[in-house]
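According to the numbering used here, the stretch in the sequence shown is residues 1103 to 1393, in order.
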Amino acid sequence: MKHILAEKPFLSIQGEGIHAGRPSIFVRYAGCNLRCQFGLKCKNCNKVRDIPDYIQNVIDNIDDYNNVEDLPVFPTYCDTYIGILPEFRRFWINYETKELVDYIVGLVKDNENYKDLTDIDIVFTGGEPMLHQDKMLALVKELSEYNLNNVTIETNGTLPIKEELYEQWAEFPADLTFSVSPKISSANYTIDDTCVPEAIKSYSDLIDTTNEKVVLKFVVQNESDIPMVLQFVERYKEAGCFVEEICLMPCGGKADPDFEETQREVFDLCVKYNFRYSPRLQMIKLNSWGV
(Lines of atoms letter the chains of each structure in order from A and count residues from 1; the text may use other names and numbers.)
(Lines give C-alpha, C1' and ligand atoms only; values in the text may rest on other atoms or scores of the structure.)
Protein backbone atom coordinates (compact mmCIF):
# COMPACT_ATOMS: atom_id res chain seq x y z
CA MET A 1 0.00 0.00 0.00
CA LYS A 2 1.53 3.31 -1.08
CA HIS A 3 1.31 6.47 1.02
CA ILE A 4 1.84 9.67 -1.01
CA LEU A 5 3.12 12.41 1.29
CA ALA A 6 3.83 16.06 0.53
CA GLU A 7 6.96 15.95 2.71
CA LYS A 8 8.77 13.62 5.09
CA PRO A 9 7.09 13.06 8.49
CA PHE A 10 8.60 15.31 11.15
CA LEU A 11 8.61 15.71 14.93
CA SER A 12 7.47 19.11 16.19
CA ILE A 13 4.92 20.78 18.48
CA GLN A 14 1.21 20.87 17.70
CA GLY A 15 0.48 24.51 17.01
CA GLU A 16 -3.30 24.71 17.25
CA GLY A 17 -6.50 23.23 18.62
CA ILE A 18 -7.08 21.52 21.94
CA HIS A 19 -3.71 19.74 21.80
CA ALA A 20 -1.65 22.88 21.13
CA GLY A 21 1.80 22.55 22.67
CA ARG A 22 1.91 18.74 22.57
CA PRO A 23 4.93 17.02 20.95
CA SER A 24 3.62 15.48 17.74
CA ILE A 25 4.73 13.66 14.62
CA PHE A 26 3.11 15.13 11.52
CA VAL A 27 2.23 12.91 8.56
CA ARG A 28 1.23 15.20 5.69
CA TYR A 29 -0.72 13.46 2.91
CA ALA A 30 -0.72 15.04 -0.53
CA GLY A 31 -3.95 15.94 -2.32
CA CYS A 32 -7.02 17.92 -1.30
CA ASN A 33 -10.64 18.19 -2.45
CA LEU A 34 -10.69 21.97 -1.81
CA ARG A 35 -8.83 24.80 -3.56
CA CYS A 36 -8.89 27.63 -1.03
CA GLN A 37 -6.67 30.06 -2.97
CA PHE A 38 -5.44 28.08 -5.91
CA GLY A 39 -6.12 28.08 -9.66
CA LEU A 40 -7.79 24.70 -9.94
CA LYS A 41 -11.45 23.74 -9.90
CA CYS A 42 -12.55 22.94 -6.36
CA LYS A 43 -13.81 19.36 -6.26
CA ASN A 44 -16.27 20.21 -3.52
CA CYS A 45 -17.95 23.35 -4.88
CA ASN A 46 -16.91 23.36 -8.58
CA LYS A 47 -15.41 26.87 -8.40
CA VAL A 48 -12.04 27.93 -9.82
CA ARG A 49 -9.61 29.64 -7.44
CA ASP A 50 -6.88 31.98 -8.68
CA ILE A 51 -3.26 31.15 -7.86
CA PRO A 52 -1.64 34.05 -5.92
CA ASP A 53 1.19 35.77 -7.81
CA TYR A 54 3.81 34.82 -5.22
CA ILE A 55 3.04 31.10 -5.66
CA GLN A 56 2.81 31.43 -9.43
CA ASN A 57 6.31 32.89 -9.32
CA VAL A 58 7.57 29.74 -7.59
CA ILE A 59 5.87 27.57 -10.22
CA ASP A 60 7.42 29.62 -13.03
CA ASN A 61 10.87 29.06 -11.50
CA ILE A 62 10.31 25.55 -10.17
CA ASP A 63 13.48 24.17 -11.75
CA ASP A 64 15.45 26.35 -9.32
CA TYR A 65 14.33 24.14 -6.40
CA ASN A 66 15.82 20.73 -5.69
CA ASN A 67 13.68 19.61 -2.74
CA VAL A 68 10.81 20.65 -0.47
CA GLU A 69 13.12 22.33 2.03
CA ASP A 70 14.23 24.79 -0.68
CA LEU A 71 10.68 26.00 -1.40
CA PRO A 72 9.55 29.27 0.22
CA VAL A 73 6.94 29.27 2.97
CA PHE A 74 4.10 31.78 2.69
CA PRO A 75 1.54 33.00 5.28
CA THR A 76 -1.33 31.99 3.00
CA TYR A 77 -4.68 30.73 4.20
CA CYS A 78 -3.47 27.31 3.08
CA ASP A 79 0.13 27.00 4.28
CA THR A 80 0.69 23.69 2.46
CA TYR A 81 0.43 24.57 -1.21
CA ILE A 82 3.09 21.94 -1.92
CA GLY A 83 0.53 19.23 -1.14
CA ILE A 84 -2.22 20.72 -3.30
CA LEU A 85 -0.92 21.90 -6.64
CA PRO A 86 0.09 19.32 -9.27
CA GLU A 87 3.16 21.36 -10.26
CA PHE A 88 4.76 20.25 -6.98
CA ARG A 89 4.19 16.50 -7.43
CA ARG A 90 7.87 16.09 -8.25
CA PHE A 91 8.57 16.73 -4.56
CA TRP A 92 5.99 14.28 -3.19
CA ILE A 93 7.29 11.12 -1.53
CA ASN A 94 5.96 7.57 -1.90
CA TYR A 95 6.21 5.25 1.11
CA GLU A 96 5.20 1.66 1.56
CA THR A 97 3.42 1.13 4.90
CA LYS A 98 6.33 -0.72 6.55
CA GLU A 99 8.81 1.88 5.32
CA LEU A 100 6.66 4.70 6.69
CA VAL A 101 6.24 2.96 10.06
CA ASP A 102 10.01 2.55 10.36
CA TYR A 103 10.56 6.22 9.50
CA ILE A 104 8.01 7.46 12.06
CA VAL A 105 9.28 5.22 14.85
CA GLY A 106 12.84 6.23 13.96
CA LEU A 107 12.03 9.87 14.74
CA VAL A 108 11.86 9.08 18.46
CA LYS A 109 13.60 5.75 19.04
CA ASP A 110 17.03 7.30 19.58
CA ASN A 111 15.72 10.05 21.84
CA GLU A 112 15.93 9.05 25.50
CA ASN A 113 13.19 11.55 26.38
CA TYR A 114 10.53 9.53 24.56
CA LYS A 115 9.19 6.04 25.25
CA ASP A 116 8.39 4.75 21.77
CA LEU A 117 5.11 6.45 20.69
CA THR A 118 3.51 6.53 24.15
CA ASP A 119 3.89 10.27 24.69
CA ILE A 120 3.55 11.36 21.07
CA ASP A 121 0.50 12.48 19.11
CA ILE A 122 0.47 11.20 15.52
CA VAL A 123 -1.13 13.98 13.44
CA PHE A 124 -2.51 13.16 10.01
CA THR A 125 -2.75 16.36 8.04
CA GLY A 126 -2.54 17.52 4.45
CA GLY A 127 -3.81 18.34 2.01
CA GLU A 128 -6.86 16.40 3.11
CA PRO A 129 -6.10 13.16 4.98
CA MET A 130 -9.69 11.88 4.77
CA LEU A 131 -8.98 11.19 1.09
CA HIS A 132 -6.65 8.44 2.37
CA GLN A 133 -8.77 6.64 4.98
CA ASP A 134 -7.69 3.11 4.08
CA LYS A 135 -4.03 4.11 4.19
CA MET A 136 -4.35 5.91 7.54
CA LEU A 137 -6.10 2.91 9.08
CA ALA A 138 -3.42 0.52 7.81
CA LEU A 139 -0.67 2.76 9.17
CA VAL A 140 -2.30 3.19 12.58
CA LYS A 141 -2.74 -0.58 12.89
CA GLU A 142 1.01 -1.04 12.40
CA LEU A 143 1.94 1.87 14.68
CA SER A 144 -0.20 0.42 17.48
CA GLU A 145 2.57 -2.16 17.96
CA TYR A 146 4.71 0.70 19.30
CA ASN A 147 2.30 1.79 22.08
CA LEU A 148 0.54 4.43 20.00
CA ASN A 149 -1.84 6.31 22.32
CA ASN A 150 -2.99 9.46 20.52
CA VAL A 151 -3.99 10.28 16.94
CA THR A 152 -5.30 13.56 15.52
CA ILE A 153 -6.81 13.89 12.06
CA GLU A 154 -6.77 17.46 10.74
CA THR A 155 -9.57 17.66 8.19
CA ASN A 156 -11.68 20.25 6.40
CA GLY A 157 -14.80 18.32 7.43
CA THR A 158 -16.26 17.72 3.98
CA LEU A 159 -15.52 14.00 3.60
CA PRO A 160 -17.47 11.49 5.73
CA ILE A 161 -16.18 8.17 6.97
CA LYS A 162 -16.46 5.58 4.21
CA GLU A 163 -19.16 3.04 4.99
CA GLU A 164 -17.02 0.10 3.90
CA LEU A 165 -14.36 1.17 6.44
CA TYR A 166 -16.68 1.89 9.36
CA GLU A 167 -15.89 -1.30 11.27
CA GLN A 168 -12.18 -0.52 11.10
CA TRP A 169 -12.80 3.01 12.37
CA ALA A 170 -14.97 1.61 15.18
CA GLU A 171 -12.02 -0.52 16.33
CA PHE A 172 -9.53 2.35 16.27
CA PRO A 173 -6.65 1.36 18.59
CA ALA A 174 -5.84 4.81 20.02
CA ASP A 175 -7.50 7.94 21.39
CA LEU A 176 -8.74 9.81 18.32
CA THR A 177 -9.41 13.51 17.74
CA PHE A 178 -11.07 14.77 14.58
CA SER A 179 -9.73 18.33 14.43
CA VAL A 180 -12.10 19.89 11.91
CA SER A 181 -11.26 23.22 10.31
CA PRO A 182 -14.25 24.18 8.11
CA LYS A 183 -13.38 26.63 5.36
CA ILE A 184 -15.48 29.76 5.70
CA SER A 185 -15.62 33.34 4.36
CA SER A 186 -11.98 33.97 5.34
CA ALA A 187 -11.10 31.38 2.66
CA ASN A 188 -13.62 32.82 0.18
CA TYR A 189 -16.15 30.00 0.59
CA THR A 190 -19.88 30.13 1.24
CA ILE A 191 -21.57 27.88 3.76
CA ASP A 192 -23.15 25.81 0.98
CA ASP A 193 -19.69 25.17 -0.48
CA THR A 194 -18.10 23.54 2.56
CA CYS A 195 -20.66 22.80 5.29
CA VAL A 196 -21.23 19.02 5.16
CA PRO A 197 -23.06 18.00 8.36
CA GLU A 198 -23.20 14.32 7.36
CA ALA A 199 -19.39 14.24 7.43
CA ILE A 200 -19.21 15.67 10.95
CA LYS A 201 -22.04 13.36 12.04
CA SER A 202 -20.07 10.34 10.77
CA TYR A 203 -17.13 11.39 12.95
CA SER A 204 -19.18 12.06 16.07
CA ASP A 205 -21.09 8.79 15.69
CA LEU A 206 -17.84 6.96 16.48
CA ILE A 207 -18.00 8.28 20.06
CA ASP A 208 -20.20 5.32 21.00
CA THR A 209 -17.49 2.81 20.01
CA THR A 210 -14.15 4.60 20.47
CA ASN A 211 -12.42 7.05 22.79
CA GLU A 212 -12.90 9.84 20.30
CA LYS A 213 -13.75 13.54 20.15
CA VAL A 214 -14.67 16.07 17.48
CA VAL A 215 -13.31 19.61 17.68
CA LEU A 216 -14.17 22.52 15.39
CA LYS A 217 -11.52 25.14 14.55
CA PHE A 218 -12.52 28.20 12.52
CA VAL A 219 -9.88 30.52 11.05
CA VAL A 220 -11.29 34.04 11.29
CA GLN A 221 -10.08 37.49 10.29
CA ASN A 222 -12.52 39.64 12.24
CA GLU A 223 -16.08 39.79 13.55
CA SER A 224 -17.55 39.75 10.04
CA ASP A 225 -16.73 36.01 9.92
CA ILE A 226 -18.72 35.21 13.07
CA PRO A 227 -22.22 34.98 11.49
CA MET A 228 -20.95 32.25 9.17
CA VAL A 229 -19.29 30.42 12.08
CA LEU A 230 -22.59 30.47 13.95
CA GLN A 231 -24.42 29.18 10.87
CA PHE A 232 -21.99 26.25 10.59
CA VAL A 233 -22.43 25.39 14.26
CA GLU A 234 -26.23 25.56 13.97
CA ARG A 235 -26.31 23.27 10.92
CA TYR A 236 -24.09 20.75 12.68
CA LYS A 237 -26.35 20.81 15.75
CA GLU A 238 -29.47 20.36 13.63
CA ALA A 239 -27.86 17.26 12.08
CA GLY A 240 -27.26 15.75 15.53
CA CYS A 241 -23.47 16.20 15.55
CA PHE A 242 -21.77 16.09 18.95
CA VAL A 243 -18.85 18.52 19.13
CA GLU A 244 -16.48 18.59 22.10
CA GLU A 245 -15.05 22.09 21.59
CA ILE A 246 -15.44 25.04 19.21
CA CYS A 247 -12.29 27.11 18.66
CA LEU A 248 -11.52 30.34 16.85
CA MET A 249 -8.04 30.83 15.36
CA PRO A 250 -6.53 34.05 13.96
CA CYS A 251 -6.01 34.26 10.21
CA GLY A 252 -2.54 35.24 9.05
CA GLY A 253 1.02 34.47 10.02
CA LYS A 254 4.48 35.70 10.91
CA ALA A 255 4.96 37.75 7.74
CA ASP A 256 1.53 39.41 8.01
CA PRO A 257 1.93 42.94 9.49
CA ASP A 258 -1.62 42.80 10.88
CA PHE A 259 -1.27 39.39 12.56
CA GLU A 260 -0.75 40.71 16.10
CA GLU A 261 -3.85 42.87 15.81
CA THR A 262 -5.83 39.93 14.38
CA GLN A 263 -4.78 37.73 17.30
CA ARG A 264 -6.01 40.32 19.79
CA GLU A 265 -9.32 40.73 17.96
CA VAL A 266 -9.95 36.98 17.78
CA PHE A 267 -9.08 36.70 21.48
CA ASP A 268 -11.79 39.27 22.25
CA LEU A 269 -14.26 37.51 19.96
CA CYS A 270 -13.79 34.27 21.90
CA VAL A 271 -14.65 36.10 25.12
CA LYS A 272 -17.70 37.76 23.53
CA TYR A 273 -19.14 34.64 21.85
CA ASN A 274 -18.04 31.99 24.37
CA PHE A 275 -15.65 30.13 22.05
CA ARG A 276 -12.29 28.62 22.90
CA TYR A 277 -9.26 30.56 21.67
CA SER A 278 -6.72 28.53 19.73
CA PRO A 279 -3.27 29.87 18.90
CA ARG A 280 -1.58 29.06 15.62
CA LEU A 281 1.92 28.59 16.98
CA GLN A 282 3.21 27.22 13.69
CA MET A 283 2.35 30.52 11.96
CA ILE A 284 4.48 32.41 14.49
CA LYS A 285 7.49 30.14 14.06
CA LEU A 286 6.90 29.20 10.44
CA ASN A 287 9.92 29.92 8.28
CA SER A 288 10.71 26.50 6.83
CA TRP A 289 9.01 23.20 6.05
CA GLY A 290 8.78 20.67 8.86
CA VAL A 291 8.36 22.91 11.92
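Think of the CB as a built atom: it goes at the ideal place given N, C-alpha and C, for glycine as much as any other residue. Just so you know, these numbers come straight off a predicted model, no measurement behind them.
Considering only C-alpha positions, which residue in the set the options is nearest to residue i?
i: F1280; options: F1377, E1230, D1294, D1358; result: E1230
i: F1274; options: L1239, D1155, G1123; result: L1239
i: E1244; options: E1266, K1264, A1276, L1267; result: A1276
i: A1132; options: W1271, V1345, P1188; result: P1188
i: E1347; options: F1193, S1283, T1182; result: S1283
Looking at the structure shown, is residue i part of a helix, part of a strand, or coil, going by DSSP?
i: L1113; result: strand
i: V1207; result: helix
i: G1141; result: No answer about G1141 holds up, because its pLDDT of 46 lies below 50 and its placement is not dependable.
i: I1184; result: helix
i: D1152; result: coil
i: M1103; result: coil
i: Y1167; result: coil
i: I1286; result: coil
i: V1316; result: strand
i: S1390; result: Only weak support is given to the placement of S1390: the predicted model assigns it a pLDDT of 48, under 50, and the question is left unresolved by the model.
i: I1222; result: coil
i: P1275; result: coil
i: Y1197; result: strand
i: I1328; result: helix
i: D1307; result: helix
i: I1263; result: coil
i: V1298; result: coil
i: C1345; result: The amino acid occupying residue 1345 in the given sequence is Val; Cys does not appear at that position. Residue state, collapsed to three classes: coil.
i: V1175; result: coil
i: T1292; result: coil
i: Y1216; result: coil
Between residue i and residue j, which are expected to be in contact by the criterion C-beta below 8 Å, what is the C-beta distance as a whole number of angstroms?
i: F1226; j: V1321; result: 19 Å between Cβ atoms; not a contact.
i: D1218; j: N1249; result: 5 Å
i: C1206; j: P1111; result: Before going further, note that residue 1206 is Ile rather than Cys in the sequence given. Going by Cβ atoms, the distance from I1206 to P1111 rounds to 5 Å, so yes, they are a contact pair.
For residue i, which residues from the same chain have a beta carbon less than 7 Å from its beta carbon, with the 5 sequence-adjacent residues on both sides left out?
i: G1395; result: Nothing about residue 1395 can be reported from this structure: the residues present for the chain run from 1103 to 1393 only.
i: K1303; result: A1341, G1342, C1343
i: L1202; result: H1105, L1241
i: T1311; result: A1272
i: A1301; result: G1259, T1260, L1261, P1262
i: T1364; result: Q1323, P1352, C1353, G1354
i: W1194; result: I1106, L1107, A1108, A1132
Excluding sequence positions up to five away, which residues of its chain have a Cβ less than 8 Å from the Cβ of residue i?
i: T1199; result: M1103, H1105, K1237, A1240, L1241, E1244
i: I1293; result: I1286, M1330, Q1333, F1334, R1337
i: S1126; result: L1113, S1114, I1115, Q1116, I1222, D1223, I1224, V1225, T1254
List the DSSP bridge partners of residue i.
i: Y1379; result: L1350
i: S1281; result: E1256, V1317
i: R1061; result: With the chain covering 1103 to 1393 only, the question about residue 1061 has no answer from this structure.
i: V1373; result: Answer by DSSP bridge pairing: none, since V1373 is not bridged.
i: P1125; result: I1115
i: V1322; result: P1352
Leaving out the 5 sequence neighbours to the left and right, which residues in its chain are closer than 6 Å to residue i when beta-carbon positions are compared?
i: Y1216; result: V1210
i: H1234; result: Y1131
i: K1339; result: none
i: L1383; result: G1117
i: F1369; result: Y1379
i: F1190; result: I1184
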